[in-house]
Amino acid sequence: MSTGAAGGGGGGGDNKLYVLLVGAAFLGGGVYAYQTVRGDKQRYQDRLTEIASRPNKAAAGQPSAYIQSEAPAVEATETEEVHEQVSEPQAAPAAEESSPPAPAVEESSPPAPAVEESSPPAPAAEESSPPTPATEEPAPSETTELPPAAEPVVEASAEEPAEQPAAPVVEDEPAPPSEPSPPELTEPPPAPVVESVESVESESTAAAESPAAETPEPQSEVVAESAPAVDSAPSPAKFPSHAPYLLIGGGTASFAAARSIRARDPGARVLIVTEEPDLPYMRPPLSKELWFSDDPSVTDTLRFKQWNGKERSIYFQPPSFYISPEELDSAENGGVAVLTGKKVVHMDVRGNKVQLNDDTEISYDKCLIATGGVPRNLQVIERAGDEVMERTSLFRKIEDFKALDKVSRNAKSITIIGGGFLGSELACALGRRSTESGLEVIQMFPERGNMGKVLPEYLSNWTTEKVKREGVKVVAEALVKAVTYKDDKVEIQLKDGRVVKTDHIVAAVGLEPSVDLAKSAGLEVDSDFGGYRVNAELQARSNIWVAGDAACFYDIRLGRRRVEHHDHAVVSGRLAGENMTGANKPYWHQSMFWSDLGPDVGYEAIGIVDSSLPTVGVFAKATAKDTPKAATEKSGTGIRSESETEAVAISPVASSTPAPTVEHHKDDYGKGVIFYLRDKVVVGIILWNVFNRMPIARKIIKDGEEHADLNEVAKLFNIHED
2 MSTGAAGGGG GGGDNKLYVL LVGAAFLGGG VYAYQTVRGD KQRYQDRLTE IASRPNKAAA
62 GQPSAYIQSE APAVEATETE EVHEQVSEPQ AAPAAEESSP PAPAVEESSP PAPAVEESSP
122 PAPAAEESSP PTPATEEPAP SETTELPPAA EPVVEASAEE PAEQPAAPVV EDEPAPPSEP
182 SPPELTEPPP APVVESVESV ESESTAAAES PAAETPEPQS EVVAESAPAV DSAPSPAKFP
242 SHAPYLLIGG GTASFAAARS IRARDPGARV LIVTEEPDLP YMRPPLSKEL WFSDDPSVTD
302 TLRFKQWNGK ERSIYFQPPS FYISPEELDS AENGGVAVLT GKKVVHMDVR GNKVQLNDDT
362 EISYDKCLIA TGGVPRNLQV IERAGDEVME RTSLFRKIED FKALDKVSRN AKSITIIGGG
422 FLGSELACAL GRRSTESGLE VIQMFPERGN MGKVLPEYLS NWTTEKVKRE GVKVVAEALV
482 KAVTYKDDKV EIQLKDGRVV KTDHIVAAVG LEPSVDLAKS AGLEVDSDFG GYRVNAELQA
542 RSNIWVAGDA ACFYDIRLGR RRVEHHDHAV VSGRLAGENM TGANKPYWHQ SMFWSDLGPD
602 VGYEAIGIVD SSLPTVGVFA KATAKDTPKA ATEKSGTGIR SESETEAVAI SPVASSTPAP
662 TVEHHKDDYG KGVIFYLRDK VVVGIILWNV FNRMPIARKI IKDGEEHADL NEVAKLFNIH
722 ED
């Protein structure tokens, strides 16, 4: 019993000792952990205090390298968005570089906002910094030169992230793609504005080219020269994230719509987004009057003399007419702003917003698509290789005019492929220049005569001879088989075996409507004519309208059509603008187009003018007043459709004149009227050297009546009056 009792007592003592040892171990471990955490926390707070004091230390030793996220130039919403994008990727490097050597505690500690804002090395931090004017050297109101400190700012060491709260410096580092970087058209007078470099590139061209009485934007050129190292890295700039009226495209239709919207809604805020670097301008002078200018600097000024001697600019309005995109939200009376150098790449029609090519999003209430088109090229040229493509021009924009003008002054031979309006106008323009410079100008086309698809054969032949007299070598019935580059010349091989050697090619073979947004927007594209199909009010979907070259509309007299002319862009854009403000008007306008073969021969046309249709021509002897030059003297404008479209709504009343005698097809077609018939009904009319009578032609087509004697109809145009 004693042995058993002794054994039991010994076992109980061991258990007590074991419990005491374990308890002591746990207690000691807890005390140690508490002291360690407490010490680490104290060191962490000390480190934060030391980091917070860096700006004051660095301010005395070196220039600030980063802009504070609280910079007053950025709105609160923009700052929050930037922090959301930058905070997570910055948290880890910030802790590694700023925390004491205690990894476990650093990882478990929550990242403090102060660390994020002052953490140096991540490029995203630089990208998120909004541009603010430098205080070391205030920029004048007329120019915005970057201060001398701008270059060292870009190269600032990542080891010195601190910044001066009182003296933020403009950041020149690249902006993230998702951040907006629109160009500015005008500079707010009260305060200097530092534009993004991308806006510099786009607006320097427009400012230099603009012929406005207002002083162009000189600051754009200055900034471009002072920051060459970052010309491809724009800084973020403020711009409207919402536009009540959003117009996609910066051509004639968009400008006409903007003017119409403002006329009906004087306080409207309109934003035009254009891929081109220029303010809205008219395209016709690019292939007409500009080539006949005596001013050697016409490619810079883009001013020209009309046939009547008056000078004007190709721009619809000077820069002072527009407000900057930044001011659109705050402008008291609204206005029209132009965002240049930006392309809309996606449309969310349900969300009423678009996405730009820099991932920027803009919402809208009403939207107009007026994207126009892009010039076509021949596939045989596109497959010919880089050497041929480098020596081939397409013609559509201001930059195309400048490039071809330069080529025409350096090349010995230029060949224009295409016998339509554009090809014939360029051939005549370059042909006249060839008499002075010795330039060889060749025009080739598959038809038998110039503008053979439009004019009846006899008039096409006459026009071909007219083009030849302008100094152009005409190659008719030319089907291009192959194009090669050989012995410093471009060789054009025709299917009939002929070979044409030249220095440069201009392809003028038509236009392809821009319908890139059809897929994302869910819009219907017409399979026959191309372009967006719209209803009678030019509406494609709810809150979306289409105007200009890209619109395929239903003509109540002529059926479904798509028209690529200035007058159509003017009137369709104007009507679309009215309908965007609630007018709900149908598009009944019969648009016209015109072409000039120099100052002495010109014509205006309306409806379907197809040489495959039956035609009836009535001609008379021309007088000195029957020329494009005389027409502009009477109308006061070089763009004839601008004057005649204003009188569209007025029903013309023709005066009675003696019945004209039918002029048979003679060698000299001074002036006349050509009727195009379909089922004995006039569907198209060309007024040959007959001007300011388009409302009469429009009414004839609109009436859609069958005429037994077109001589009676021709007398409405008074072509036999002296």
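Counting from 1, position 221 in the sequence shown corresponds to residue 222 in our numbering; the numbering is continuous, with no gaps.
For every residue, glycine included, the Cβ atom is placed at its ideal position computed from N, Cα and C.
| Query | Result |
| --- | --- |
| Simplified DSSP assignment, three categories, for residue 240 | coil |
| From 416, 321, 611, residue whose alpha carbon lies closest to that of residue 477 | 416 |
| Nearest-angstrom Cβ-Cβ length linking residue 282 and residue 323, presumed shorter than 8 angstroms | That belief does not hold up - the Cβ atoms of residue 282 and residue 323 are roughly 13 angstroms apart, past 8 angstroms. |
| Residue 22 classed as buried or exposed, judged by whether at least 16 other C-beta atoms fall within 10 angstroms | exposed |
| At least 3 beta-carbon pairs within less than 8 angstroms: the stretch 252-270 vs the stretch 560-579 | yes |
| Nearest candidate by alpha-carbon position, reference residue 396, set 508, 368, 360, 302 | 508 |
| Under the three-state DSSP convention, the category residue 608 falls into | strand |
| Span separating the alpha-carbon of residue 537 from that of residue 435 | 47 angstroms |
| Residue 514 in three-state terms, based on DSSP | strand |
| Through-space distance from residue 502 to residue 383, alpha-carbon basis | 18 angstroms |
| Three-pair Cβ contact test at 8 angstroms for the stretch 609-620 versus the stretch 444-464 | yes |
| Whole-angstrom C-beta distance between residue 272 and residue 371, which should lie under 8 angstroms | The pair is not a contact, with the Cβ atoms about 13 angstroms apart (cut-off 8 angstroms). |
| Close beta carbons around residue 413, own chain, < 6 angstroms, minus the five adjacent residues each side | 504 |
| Where residue 470 falls, given that 16 or more other Cβ within 10 Å makes a residue buried | exposed |
| Euclidean distance between Cα positions of residue 525 and residue 452 | 32 angstroms |
| Under 8 angstroms between C-beta atoms of residue 495 and residue 473 | no |
| Residue interval of the alpha helix (DSSP H) (run including residue 300) | 299-302 |
| Reference residue 711; option with closest CA among 618, 703, 719 | 618 |
| Check whether residue 679 and residue 614 have beta carbons under 8 angstroms apart | yes |
| Cβ neighbour criterion (16 or more within 10 Å) applied to residue 39 | exposed |
| Paired residues, beta bridge with residue 275 - DSSP | Beta-bridge pairing links residue 275 to no other residue. |
| Nonlocal neighbours in the same chain, by C-beta distance under 6 angstroms from residue 402, ignoring five residues either side | 287 |
| Proximity of residue 584 and residue 253 at Cβ, strictly below 8 angstroms | no |
| Reduced DSSP secondary structure (H/G/I, E/B, other) of residue 382 | helix |
| Sub-8 angstroms separation of residue 550 and residue 514 beta-carbons | yes |
| Beta-carbon separation (whole angstroms), residue 683 vs residue 718, contact threshold 8 angstroms | Wrong, their Cβ atoms sit about 13 angstroms apart, outside the cutoff. |
| Identified DSSP bridge partners for residue 318 | Answer is none; residue 318 lacks a bridge partner. |
| Residue from 597, 518, 475, 43 whose Cα sits closest to the Cα of residue 356 | 518 |
| Neighbourhood of residue 8 by C-beta, 7 angstroms cutoff - its chain only, sequence neighbours within 5 removed | Annotation note: pLDDT 44 at residue 8 (below 50); position unreliable, coordinate value reported separately. Here the set comprises nothing. |
| Beta-carbon spacing of residue 341, residue 278 below 8 angstroms | yes |
| Alpha carbon of residue 582 to alpha carbon of residue 554, nearest angstrom | 20 angstroms |
| In DSSP terms, what residue 677 is bridged to | 616, 685 |
| Within-8 angstroms CB hit, residue 265 to chain B | Looking at the structure shown, chain B is missing, and only one protein chain is on hand. |
| For residue 333, the nearest candidate out of 623, 256, 365, 269 (CA to CA) | 269 |
| Exposure label - residue 284; buried when at least 16 CB within 10 Å | buried |
| Supposed contact pair residue 399 and residue 512 - C-beta distance, whole angstroms, cut 8 angstroms | At roughly 17 angstroms, the Cβ-Cβ gap does not stay under 8 angstroms, so residue 512 and residue 399 are not in contact. |
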